[in-house]
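Novice: Okay, here's the structure, questions in a sec.
Numbering (the numbering used here), first residue to last: 432 to 618.
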(Lines of atoms letter the chains of each structure in order from A and count residues from 1; the text may use other names and numbers.)
(Lines give C-alpha, C1' and ligand atoms only; values in the text may rest on other atoms or scores of the structure.)
Protein backbone atom coordinates (compact mmCIF):
# COMPACT_ATOMS: atom_id res chain seq x y z
CA UNK A 1 0.00 0.00 0.00
CA UNK A 2 2.80 2.41 0.93
CA UNK A 3 4.54 1.62 -2.37
CA UNK A 4 1.40 2.63 -4.31
CA UNK A 5 1.09 5.89 -2.34
CA UNK A 6 4.76 6.65 -2.99
CA UNK A 7 4.34 6.04 -6.75
CA UNK A 8 1.21 8.18 -6.80
CA UNK A 9 3.08 10.99 -5.05
CA UNK A 10 5.96 10.76 -7.54
CA UNK A 11 3.56 10.82 -10.50
CA UNK A 12 1.78 13.87 -9.07
CA UNK A 13 5.10 15.67 -8.58
CA UNK A 14 6.11 14.85 -12.16
CA UNK A 15 2.83 16.17 -13.52
CA UNK A 16 3.15 19.38 -11.50
CA UNK A 17 6.77 19.83 -12.67
CA UNK A 18 5.79 19.25 -16.31
CA UNK A 19 2.96 21.77 -15.95
CA UNK A 20 5.30 24.36 -14.43
CA UNK A 21 7.85 23.77 -17.18
CA UNK A 22 5.20 24.22 -19.88
CA UNK A 23 3.94 27.35 -18.15
CA UNK A 24 7.47 28.77 -18.03
CA UNK A 25 8.08 27.95 -21.69
CA UNK A 26 4.78 29.43 -22.83
CA UNK A 27 5.45 32.63 -20.87
CA UNK A 28 8.89 32.94 -22.49
CA UNK A 29 7.35 32.41 -25.94
CA UNK A 30 4.57 34.91 -25.18
CA UNK A 31 7.07 37.57 -24.16
CA UNK A 32 9.85 36.57 -26.58
CA UNK A 33 9.83 40.06 -28.06
CA UNK A 34 9.38 41.68 -24.66
CA UNK A 35 6.26 42.42 -22.67
CA UNK A 36 3.61 44.71 -24.13
CA UNK A 37 4.40 48.42 -23.95
CA UNK A 38 3.86 49.80 -20.46
CA UNK A 39 3.60 46.50 -18.57
CA UNK A 40 5.58 46.53 -15.30
CA UNK A 41 6.45 50.19 -15.76
CA UNK A 42 4.51 51.68 -12.87
CA UNK A 43 1.28 53.62 -13.01
CA UNK A 44 2.18 55.73 -16.05
CA UNK A 45 3.25 52.67 -18.06
CA UNK A 46 0.16 50.70 -17.09
CA UNK A 47 -2.02 53.72 -17.92
CA UNK A 48 -0.33 54.00 -21.32
CA UNK A 49 -0.96 50.27 -21.88
CA UNK A 50 -4.69 50.28 -21.03
CA UNK A 51 -5.16 53.54 -22.95
CA UNK A 52 -3.57 52.08 -26.07
CA UNK A 53 -5.70 48.95 -25.78
CA UNK A 54 -8.94 50.90 -25.31
CA UNK A 55 -8.24 53.09 -28.32
CA UNK A 56 -7.06 50.18 -30.48
CA UNK A 57 -10.18 48.16 -29.64
CA UNK A 58 -12.50 51.11 -30.26
CA UNK A 59 -10.84 51.80 -33.60
CA UNK A 60 -11.00 48.10 -34.60
CA UNK A 61 -14.71 47.93 -33.81
CA UNK A 62 -16.93 48.67 -36.83
CA UNK A 63 -19.14 51.73 -36.41
CA UNK A 64 -22.32 49.64 -36.61
CA UNK A 65 -21.18 47.56 -33.61
CA UNK A 66 -21.12 50.63 -31.34
CA UNK A 67 -24.90 50.27 -30.89
CA UNK A 68 -24.64 46.56 -30.01
CA UNK A 69 -25.58 45.47 -26.50
CA UNK A 70 -25.60 41.92 -25.12
CA UNK A 71 -29.13 42.25 -23.72
CA UNK A 72 -31.85 44.81 -23.10
CA UNK A 73 -31.02 47.13 -20.25
CA UNK A 74 -27.27 46.52 -20.54
CA UNK A 75 -24.88 49.21 -21.78
CA UNK A 76 -24.14 49.22 -25.49
CA UNK A 77 -20.57 49.32 -26.77
CA UNK A 78 -20.69 53.11 -27.21
CA UNK A 79 -22.23 53.50 -23.75
CA UNK A 80 -19.39 51.53 -22.14
CA UNK A 81 -16.75 53.69 -23.86
CA UNK A 82 -18.60 56.87 -22.87
CA UNK A 83 -19.01 55.55 -19.33
CA UNK A 84 -15.22 55.14 -19.14
CA UNK A 85 -14.64 58.64 -20.53
CA UNK A 86 -17.14 60.26 -18.19
CA UNK A 87 -15.83 58.35 -15.16
CA UNK A 88 -12.26 59.36 -16.04
CA UNK A 89 -13.25 63.03 -16.11
CA UNK A 90 -15.38 62.80 -12.97
CA UNK A 91 -12.88 60.85 -10.85
CA UNK A 92 -10.07 63.11 -12.07
CA UNK A 93 -12.14 66.18 -11.08
CA UNK A 94 -12.20 64.92 -7.50
CA UNK A 95 -8.40 65.35 -7.48
CA UNK A 96 -8.59 68.95 -8.73
CA UNK A 97 -8.81 69.38 -12.53
CA UNK A 98 -12.10 70.81 -13.78
CA UNK A 99 -14.55 68.81 -15.85
CA UNK A 100 -14.24 69.77 -19.53
CA UNK A 101 -16.60 72.25 -21.09
CA UNK A 102 -19.26 70.49 -23.09
CA UNK A 103 -19.38 67.34 -20.96
CA UNK A 104 -23.02 66.67 -20.08
CA UNK A 105 -24.57 64.15 -17.73
CA UNK A 106 -26.55 62.34 -20.45
CA UNK A 107 -23.63 61.86 -22.87
CA UNK A 108 -23.33 58.16 -22.11
CA UNK A 109 -26.63 57.74 -23.97
CA UNK A 110 -26.46 60.63 -26.46
CA UNK A 111 -22.92 60.35 -27.84
CA UNK A 112 -23.09 57.22 -29.98
CA UNK A 113 -21.11 57.76 -33.18
CA UNK A 114 -17.78 55.99 -33.35
CA UNK A 115 -15.82 59.17 -34.14
CA UNK A 116 -17.36 61.17 -31.28
CA UNK A 117 -17.01 58.33 -28.79
CA UNK A 118 -13.33 57.82 -29.67
CA UNK A 119 -12.72 61.58 -29.44
CA UNK A 120 -14.17 61.76 -25.92
CA UNK A 121 -12.36 58.57 -24.90
CA UNK A 122 -9.00 59.92 -26.11
CA UNK A 123 -9.60 63.26 -24.41
CA UNK A 124 -10.36 61.55 -21.10
CA UNK A 125 -7.39 59.19 -21.31
CA UNK A 126 -5.05 62.08 -22.15
CA UNK A 127 -6.46 64.20 -19.30
CA UNK A 128 -5.70 61.44 -16.79
CA UNK A 129 -2.23 60.86 -18.25
CA UNK A 130 -1.28 64.54 -18.22
CA UNK A 131 -2.63 65.14 -14.70
CA UNK A 132 -0.82 62.11 -13.29
CA UNK A 133 2.45 63.02 -14.99
CA UNK A 134 2.22 66.53 -13.52
CA UNK A 135 1.40 65.35 -9.99
CA UNK A 136 4.21 65.63 -7.46
CA UNK A 137 4.70 62.77 -4.96
CA UNK A 138 3.42 64.84 -2.03
CA UNK A 139 0.35 65.82 -4.10
CA UNK A 140 -0.54 62.13 -4.46
CA UNK A 141 -0.87 61.85 -0.67
CA UNK A 142 -3.33 64.77 -0.45
CA UNK A 143 -6.70 63.83 1.03
CA UNK A 144 -9.87 64.17 -1.05
CA UNK A 145 -13.49 63.38 -0.29
CA UNK A 146 -15.74 61.23 -2.48
CA UNK A 147 -18.97 59.33 -1.88
CA UNK A 148 -19.00 60.08 1.86
CA UNK A 149 -15.46 58.83 2.43
CA UNK A 150 -11.94 60.12 2.42
CA UNK A 151 -9.36 58.96 -0.07
CA UNK A 152 -6.03 60.17 -1.39
CA UNK A 153 -5.27 61.56 -4.82
CA UNK A 154 -3.16 58.42 -5.37
CA UNK A 155 -6.17 56.29 -4.42
CA UNK A 156 -8.27 58.14 -6.98
CA UNK A 157 -5.74 57.40 -9.72
CA UNK A 158 -5.75 53.75 -8.67
CA UNK A 159 -9.57 53.70 -8.92
CA UNK A 160 -9.38 55.30 -12.39
CA UNK A 161 -6.99 52.65 -13.75
CA UNK A 162 -8.84 49.76 -12.12
CA UNK A 163 -12.13 51.06 -13.53
CA UNK A 164 -10.64 51.38 -17.04
CA UNK A 165 -9.27 47.83 -16.89
CA UNK A 166 -12.54 46.45 -15.56
CA UNK A 167 -14.43 47.86 -18.54
CA UNK A 168 -11.62 46.82 -20.91
CA UNK A 169 -12.51 43.24 -20.01
CA UNK A 170 -16.17 43.97 -20.69
CA UNK A 171 -15.31 45.52 -24.07
CA UNK A 172 -13.14 42.56 -25.05
CA UNK A 173 -16.09 40.28 -24.32
CA UNK A 174 -18.38 42.54 -26.38
CA UNK A 175 -15.85 42.53 -29.22
CA UNK A 176 -15.54 38.74 -29.22
CA UNK A 177 -19.33 38.34 -29.18
CA UNK A 178 -19.61 40.56 -32.27
CA UNK A 179 -16.76 38.91 -34.17
CA UNK A 180 -14.15 41.62 -33.49
CA UNK A 181 -10.70 40.32 -32.62
CA UNK A 182 -8.78 42.61 -30.25
CA UNK A 183 -5.81 43.90 -32.29
CA UNK A 184 -3.20 42.83 -29.73
CA UNK A 185 -4.37 39.21 -29.78
CA UNK A 186 -4.17 38.67 -33.54
CA UNK A 187 -0.60 37.33 -33.42
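Here a beta-carbon is modelled for each residue, glycine too, at the ideal position from N, C-alpha and C.
Does the contact criterion of 3 or more C-beta pairs under 8 Å hold for the segment 514-529 versus the segment 584-603?
Specialist: yes
Novice: Just mark residue 510 as buried or exposed, buried being the case when its beta carbon has 16 or more other beta carbons within 10 Å.
Specialist: buried
Novice: Tell me, to the nearest whole angstrom, how far the beta carbon of residue 514 is from that of residue 539; I am working on the premise that it is less than 8 Å.
Specialist: About 5 Å separates the two Cβ atoms, so the contact holds.
Novice: Could you tell me which of 560, 562, 609 and 487 sits nearest to residue 502, measuring between CA atoms?
Specialist: 609
Novice: Please give the ranges of any alpha helix (DSSP H) in the segment 557-618, keeping only runs that are unbroken, at least 4 residues long and fully inside the region.
Specialist: 568-571 and 584-608
Novice: Please identify the residue among 605, 600, 595 and 599 whose C-alpha is closest to the C-alpha of residue 520.
Specialist: 595
Novice: Below 8 Å on the Cβ atoms is my guess for residue 512 versus residue 548; work out the distance and round it to an integer in Å.
Specialist: 5 Å
Novice: My assumption, with CB atoms under 8 Å, is that residue 486 sits in contact with residue 535. Please give the rounded CB distance.
Specialist: With a Cβ gap of about 23 Å, residue 486 and residue 535 do not count as contacting.
Novice: Along the chain, where does the alpha helix (DSSP H) that runs through residue 524 open and close?
Specialist: 508-526
Novice: Can you tell me whether residue 545 is buried or exposed? The criterion is at least 16 other CB atoms within 10 Å of its CB, across all chains shown.
Specialist: buried
Novice: What are the start and end residues of the alpha helix (DSSP H) that includes residue 530?
Specialist: Per DSSP, residue 530 belongs to no alpha helix (DSSP H) and is neither H nor E.
Novice: On a CA-only basis, which of 603, 572, 478 and 537 is nearest residue 500? Give me that one, please.
Specialist: The shortest CA-to-CA distance from residue 500 to any of 603, 572, 478 and 537 is the one to 603.
Novice: Can you give the Cα-Cα distance for residue 506 and residue 600, rounded to whole angstroms?
Specialist: 14 Å
Novice: How long is the line joining the alpha carbons of residue 611 and residue 591, rounded to whole angstroms?
Specialist: The alpha-carbon separation between residue 611 and residue 591 amounts to approximately 26 Å.
Novice: Reducing DSSP to helix, strand and coil, say where residue 543 ends up.
Specialist: coil
Novice: Return yes when the Cβ of residue 563 is within less than 8 Å of the Cβ of residue 475, no when it is not.
Specialist: Yes, Cβ-Cβ distance for residue 475 and residue 563 is below 8 Å.
Novice: Whole-angstrom Cβ separation of residue 497 and residue 541, contact assumed at under 8 Å?
Specialist: The Cβ separation is near 13 Å, so there is no contact.
Novice: Please classify residue 606 as buried or exposed, where buried requires at least 16 other C-beta atoms within 10 Å of its C-beta.
Specialist: Buried: at least 16 other Cβ atoms inside 10 Å.
Novice: Assuming contact is defined by CB atoms lying nearer than 8 Å, are residue 516 and residue 551 in contact in what I supplied?
Specialist: yes
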